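Note that the sequence shown covers residues 467 to 1277 in my numbering. Glycine included, each C-beta is placed from N, C-alpha and C at the ideal position. What you are looking at is a predicted structure, and each value in this text was computed from that prediction instead of being measured.
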Amino acid sequence: MEPDKTIASFEQACFRSALIIPRWLPGSTSVFWYRRQVSEATFFFYLVDCESHCRRLAFDHEKLAAQMSQHGPPVQGDALPFSWIDLDETAEHILFKHQDKVWKFVQNDGTLAEWQGPFYEGRFDQGCQEMASPWSRESADLTLVNQTSQRIAFKWISNDGDARFCGRLHPGRSHVVHSWLHHCWRLELSESSAPSSSVAFQVKSRRCTAVIQDSPLGLSLHWQSDSLMESDNNGHPVSAKDTGRHRNAFLRQGNVWVRELDDSESQVSFHGFCDNEFKDVYTSPDGQFAVAMRCTPASKVSAHFIDVMPHDQFRPKLVTESYLRAGDNVEVKRPCLFSLGTRVEIPMDNSLFANPYAITNIGWSSDSQKFYFVFNERGHQHFRLLEINRGGAVKLLAEETSKTFVDYHQKAYFKLLPATNELLWASERDDWNHIYLFDLDNGELKCQITKGRWNVHSIDHVDVEKRKLWVRALGIMPDQDPYYAHLVSINFDGSMQQVITNGDGSHTWQWGPDRRFLIDTWSRVDLLPRSAVRDAETGQEVVFLQQEELSSEVQGKWRPAERFNAPGRDGKTQIYGILVYPKDFDATKTYPVIEYIYAGPQDFYTAKTFPVSSDFRALADKGYIVVHADGMGTNWRCKPFHDVCYKNTRDAGFPDRIAWIRAAAAAASRPFMDLTRVGCYGYSTGGQNAAAAVLHHADFYRAAVAGAGCHDNRLATLVWSEMYMGYPVDASYDECSNVTHAHKLGAALMLCVGGMDDNVDPVSTLRLAHELIKADKDFDMVLVPKGAHHAAQTPWAQRKMYAFFKKHLQD
């Protein structure tokens, strides 16, 4: 059965129509216009006045179309041949560009004439010329926000210029990428090959957000940066260039040198050498001291791939790339303090920062008295903010500890506020991720700012003067799905907590100038998107913008995904998921059930907003009930829920998933779910999970497709494996390996792998295949010789998966 393109087109058009990208009028904090695309061929321009609580057409579309038709070919009012308008402060006339000319349309009398004056046509950050990533020593966290209607693929441009695929971002979702300052990335629309569907950019600061939008010229970026420190100097730390010229430390051949005001140079350190050299140096603002990072290099280990058809030769080629695995040596940084005046190193006790996984420089205080840095211990069980004074004393200012892991990659947040000598700090110390306020003088806790049985997902904005912050909260509405996002404001002392967004669904928002108003859009998998302008202080809806509706083509045809929650393994903790039905669903029949699984502990994965994955619908339309849920071990519930994954990735939440599926089928309204025919599929970590389904739970899962699975975490990337499986590598790695348990295969299994997968080493799949053969187990093997990490999601491999499930679940 072919996928229903009418439904797919409707969902795509509906999501595209729901996207609101405001263009605020010059100098205004309350008036903006936006372009609403009603269908693929029709759209309108709207003007919104937040003060007047008014939304209207920005101009008379039909009158303008009639005027334009007099100057050329016929034009329709709902399909004007331009996508950008320039309005003045009064919105009395509009300017637009058509056929290389700028035109002025006056609202009152409806006149249209050529315009010779200035015209602003929406200059966006269209990215930069694609280039190799520079060598950088400063780590950075980049949040990507997809405000387009399509999936975005993001790729890191390696130091040699190759684009390495790192993941996909669905419409309306965000993702944190761990990168390096000034490194280069490429964003691509997954479903398009047009030149304008790709944009390259450099990471601009150590903590920043790139909002990806559609523009008349293609993809565009809107940048938001967040300094790690706040000061009176417009939110940036004071540096030496701000306070006058001073001596300055620099590096030469792995050692620290100093340059005086007269440009004379002298060597300060003498014990830096090739495998233990100084690589980063930070001079105090007064030029009297410097902190340099002495570095022991990481292991020189590689992954090897066979390019069977290289573009530059006939014979196959060996491709080798650096690839750190669990247990390999990471680069070890050790901060060292130098007096530049006396040219001596000041000794320090390193017991508070021994055995680092990562050290993040924050910088010197503006008075040059203290140097701050963040230490993350190898194994991720101790996370500390530390201070070094000019005498070399190391002081602990804040600390997170865990018997399992501190969620360094997803939940670590810190911000120094030098003006009040305070620190904002994220912590799960009460089992929920919340924000705390510390005194930097003595490291004492002043206040737990946010609290309750909900999580702070991220800090949206900090207003130091008002002593107020805005956070993205998950689960704050007790009567809603705990994964739904809401915007919450709260004072530094924990008072005046206010949920700004309203409506049962997951919310995204865009701030207006001066943060007076925000545009709030929310939806669910079973609720079409709705948008409104809200007062940023009170959350009051000031202007209703739009509510998407079913089109006549899909009335009676479109069936939304069904939300369902039921207790997991403990009989009380609710597990949340969705069910997707085939387009010709008949409740009198029975259907096999296929679960899409991805149990990566770094996030949650079940869709919460409209629409659900088109891949789910395509599979369901072949005669299945497709289900998806987040079991214990995934992120963004309470800490004990998350900790189930620790040294236990084999679990993958299966006891919760199986209980949830059985509860769904046991409901009186779903007798059509046939639990004698249950399948499972997933990619990457999901591939590891899918294979585990038929190794450990073959009494429930009858067939599984595992694409690009990291079947043994000893072969997977260090950064992922050590976070959730721990360090050092121990027996738990062996116990959680699918390779170890290959002999237990008790149901049908299809393995799919790309021969050039530089994300999860193909060897992981090949070792599992080897052990299955040794155990004389039957399985299917699909190899895509030049395929990368998502080879299993190509149309050819998908067709193989459909045939596999048909054979084992339907024939």
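In this structure threonine 1054 is exposed. Its beta-carbon is surrounded by fewer than 16 other beta-carbon atoms within 10 angstroms.
C-alpha of glutamate 587 to C-alpha of glycine 978: approximately 20 Å in a straight line. Residue Ile1060 holds the alpha-carbon nearest to the alpha-carbon of alanine 1084 among Ile1060, Met1098 and Phe1107.
Selection Trp550, Leu553 and His527 evaluated against aspartate 544 yields His527 as nearest (Cα-Cα).
Residues of the same chain with a CB within less than 6 Å of the CB of alanine 1170, apart from the 5 flanking positions on each side, are Cys1146, Ala1156, Ala1159, Val1160 and Leu1215 in chain order. Judged by beta-carbon spacing, tryptophan 920 lies within the 7 Å limit of glycine 941, meaning their Cβ atoms are closer than that value.
Aspartate 1122 is positioned such that its CB atom lies no closer than 7 Å to that of asparagine 1101. Around the C-beta of phenylalanine 837, 16 or more other C-beta atoms lie within 10 Å, and the residue is accordingly described as buried. Setting aside the 5 residues that flank it on each side, glycine 593 is surrounded in the same chain by Val665, Ala666 and Phe667, each with a C-beta closer than 6 Å to its C-beta; the list follows chain order. Glutamine 946 sits away from serine 955, with the two beta carbons spaced by 7 Å or more. Minimum Cα-Cα distance from leucine 862 among the listed residues Ile772, Phe904, His875 and Gly1005 corresponds to Phe904. A distance below 7 Å separates the beta carbons of leucine 890 and isoleucine 901. In this chain, the beta strand (DSSP E) harbouring arginine 652 covers 650–655.
With respect to the 7 Å criterion, isoleucine 828 and leucine 717 are not classified as neighbours on the basis of their beta carbons. Residue environment: phenylalanine 498 is assigned as buried (16 or more neighbouring CB atoms within 10 Å of its CB, all protein chains considered).
For aspartate 773, the three-state secondary structure derived from DSSP is strand.
If you draw a straight line from the Cα of histidine 649 to the Cα of proline 1228, it is about 27 Å long. Remark: three or more beta-carbon pairs, one from each stretch, lie closer than 8 Å, so the region 1201–1208 and the region 1101–1119 are flagged as touching. Sorting Asp959, Asn968 and Ser961 by C-alpha distance to the C-alpha of leucine 953 places Asn968 at the top. Residue burial is scored here from C-beta neighbours: cysteine 761 has at least 16 other C-beta atoms within 10 angstroms and is therefore classed as buried. Gly1253 is the residue among Gln1276, Ala1258, Gly1253 and Pro1261 whose C-alpha sits nearest the C-alpha of valine 774. Only residues of its own chain outside the window of five on either side were considered, and among them Arg760 and Thr762 have a CB closer than 7 Å to the CB of asparagine 742, listed in chain order. A Cβ-Cβ contact shorter than 7 Å links leucine 610 with histidine 641.
In this structure, the straight-line span from the alpha carbon of leucine 1211 to that of tyrosine 1167 is close to 11 Å. Beta-bridge analysis with DSSP links asparagine 795 to no other residue. Annotation for aspartate 1081: no residue places its beta carbon closer than 7 Å to its own, counting only its chain and skipping 5 residues before and after. The C-beta separation of glutamine 616 from glutamine 679 comes to about 12 Å, leaving the pair out of contact by the 8 Å criterion.
Contiguous alpha helix (DSSP H) elements confined to the region 1070–1117 occur at 1080–1086 and 1105–1109, taking only those with 4 or more residues. Between arginine 725 and the set Gln754, Lys932 and Phe739, the nearest pair of CA atoms involves Gln754. Excluding its 5 nearest sequence neighbours in each direction, alanine 998 has C-beta neighbours in its own chain below 7 Å: Asp986, Glu1007, Val1009, Phe1010 and Leu1011, listed in chain order. Secondary structure note for isoleucine 956: its beta strand (DSSP E) is the uninterrupted segment 951–957. Glycine 1192 and arginine 522 have their C-alpha atoms roughly 57 Å apart. In this structure, the alpha-carbon of glutamate 731 lies about 7 Å from that of tryptophan 723. For alanine 1133, there are no CB contacts under 7 Å within the same chain when 5 residues up- and downstream are skipped.
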